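Just so we're aligned: 477 in my numbering is position 126 of the sequence shown, and the numbers increase by one with no gaps anywhere.
Contents: one structure, followed by commentary.
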Amino acid sequence: MKNILLIFLFFLIFQPAYAEDRLKIFSLVNHEIIVSDHFAGQSFTLIKDGEKYYVLRKFFGSGVPVVNTIKYSAEVESDYQIRFSKIIKNDNASKNKPDEKFILQIEDNSAIGLYLNEIKVVIDNKTK
352 MKNILLIFLF FLIFQPAYAE DRLKIFSLVN HEIIVSDHFA GQSFTLIKDG
402 EKYYVLRKFF GSGVPVVNTI KYSAEVESDY QIRFSKIIKN DNASKNKPDE
452 KFILQIEDNS AIGLYLNEIK VVIDNKTK
């Protein structure tokens with residue numbers, strides 16, 4: 352019985368040393384993720400309002416800081432991934448492209464991955 356208690360105590364003490372250090376998706380709340388494209392660029396920001404999560408997508412313009420803002424409803428898939436495609440609000444409906452499905456995730460090395468229709472987009476992370 353003593354041996355079992357010692358083994359159990361050993362695991363309790365050293366378990367945090369083997370815990371995963373990967374960030375969780377909730378650590379991205381209020382962080383702006385910049386995407387460079389062939390235009391002026393765009394950004395994605397995960398926001399929390401009450402118990403629900405949303406993503407704000409801003410399209411940057413030349414001469415105008417923000418040309419359009421789209422708000423998506425976000426579905427939390429796990430501690431490391433959200434999906435969004437359902438538009439809640441669009442400042443300029445003509446700027447929207449149909450059938451865009453996004454996945455935002457924290458990858459194994461705590462890097463951020465943004466996927467558009469299952470194709471990974473190269474991004475820069477910028478803290479607000």
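Think of the CB as a built atom: it goes at the ideal place given N, C-alpha and C, for glycine as much as any other residue.
Quantities reported herein were computed from a predicted structural model and do not represent experimental measurements.
Legend entry - Every unbroken beta strand (DSSP E) inside the segment 377-408 [3 residues or more]: 382-386 and 393-400
Inset, instruction - Could you round the C-beta distance between residue 438 and residue 454 to whole angstroms and report it? I think they count as a contact, below 8 Å. - result: Actually they are not in contact, since the Cβ atoms of residue 438 and residue 454 sit about 16 Å apart, beyond 8 Å.
Inset, instruction - Report the rounded CA-to-CA distance for residue 418 versus residue 429, giving the unit in angstroms. - result: Distance between the alpha carbons of residue 418 and residue 429: 32 Å.
Inset, instruction - Identify which residue in 402, 373 and 384 has its Cα closest to the Cα of residue 474. - result: Considering only alpha carbons, the answer is 384.
Legend entry - Alpha-carbon spacing of residue 414 relative to residue 470, whole angstroms: 30 Å
Legend entry - Cβ pair residue 386, residue 396 closer than 8 Å: no
Inset, instruction - Could you check if residue 462 is buried or exposed, using at least 16 other CB atoms within 10 Å of its CB as the buried criterion? - result: exposed
Legend entry - residue 456 vs residue 398 beta-carbon contact at 8 Å: no
Inset, instruction - Kindly indicate which three-state DSSP category residue 425 falls into: helix, strand or coil? - result: strand
Inset, instruction - Answer with buried or exposed for residue 379, where buried requires no fewer than 16 other C-beta atoms within 10 angstroms of its C-beta. - result: buried
Legend entry - Among 403, 449 and 458, the one whose alpha carbon lies nearest that of residue 431: Measuring from the Cα of residue 431, the nearest candidate turns out to be 458.
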